[in-house]
Amino acid sequence: MPFVELFVRKGSLDQARREEIGGRLVAEVMVAEGAPDTEAARSISWLVVNEVDAWFVGGKQVTADEKPKYVVRVGVPAGSMNDEKRRDIVQRVTKVLADSDDDPGRFAEATSAWVHINEVPEGNWGARGEIVRFEDIVEYVVAG
Numbered sequence: 137m138p139f140v141e142l143f144v145r146k147g148s149l150d151q152a153r154r155e156e157i158g159g160r161l162v163a164e165v166m167v168a169e170g171a172p173d174t175e176a177a178r179s180i181s182w183l184v185v186n187e188v189d190a191w192f193v194g195g196k197q198v199t200a201d202e203k204p205k206y207v208v209r210v211g212v213p214a215g216s217m218n219d220e221k222r223r224d225i226v227q228r229v230t231k232v233l234a235d236s237d238d239d240p241g242r243f244a245e246a247t248s249a250w251v252h253i254n255e256v257p258e259g260n261w262g263a264r265g266e267i268v269r270f271e272d273i274v275e276y277v278v279a280g
């Protein structure tokens with residue numbers, strides 16, 4: 137199940153845009169992963185919004201009047217991805233950001249959003265004070 141982090145400059149998102157992105161981002165990643173749409177799967181699919189105080193590109197600070205830039209990090213268990221799923225995640229995340237933007241066409245450029253997929257190695261995911269393996273996650277979401 138995904139752990140999604142959205143990084144954006146503080147003040148870039150008004151409340152409506154933040155809720156639109158937050159409401160869709162994890163759901164789209166879950167679809168790309170092939171996760172079942174169950175309460176159990178949703179309960180362990182999280183999104184954290186990180187609003188950063190300063191954002192620099194090429195050594196120059198991005199100003200408040202510039203369009204927001206995004207980094208989205210998607211953490212998934214290693215072994216759950218292939219190139220097709222990775223591509224689908226990148227496309228879906230980019231679409232969510234573009235759909236919420238006043239200028240969706242700018243997301244065709246590499247300067248608006250980056251998507252990083254971090255595959256967490258087996259044995260490096262934990263919950264309840266225990267190591268959680270991929271098979272444990274599958275069992276949890278299928279049973280729930």
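Oh and the sequence shown: position 93 is 229 in my numbering, straight run, nothing missing. All C-beta atoms in this analysis are idealised placements derived from N, C-alpha and C, irrespective of residue type, glycine included.
1. If you follow the alpha helix (DSSP H) that R153 is part of, which residue opens it and which one closes it?
2. Rounded to whole angstroms, what's the CA-CA distance from L142 to D239? Just pull it up for me.
3. In three-state DSSP terms, what is V144?
4. To the nearest angstrom, how far is the alpha carbon of K146 from that of G265?
5. Closest to D235 by C-alpha separation, out of R223, A249, R222, would be which residue?
6. Using three-state DSSP, classify A176 as helix, strand or coil.
Once the coordinates are examined:
1. Taking the first residue of the sequence shown as position 1, residue 153 is located at position 17. Looking at the DSSP string, the run of the alpha helix (DSSP H) that includes R153 is 151–169.
2. Position 6 of the sequence shown holds residue 142. Position 103 of the sequence shown holds residue 239. Roughly 19 Å separates the two Cα atoms.
3. Your numbering for residue 144 matches position 8 in the sequence shown. Strand.
4. Position 10 of the sequence shown, counted from the first residue, corresponds to residue 146. Position 129 of the sequence shown, counted from the first residue, corresponds to residue 265. Taking the straight line joining both Cα atoms gives about 33 Å.
5. As a working mapping, residue 235 is identified with position 99 in the sequence shown. The candidate whose alpha carbon is nearest that of D235 is A249.
6. Along the sequence shown, one-based indexing puts residue 176 at 40. If DSSP states are grouped into helix, strand and coil, A176 belongs with the helices.
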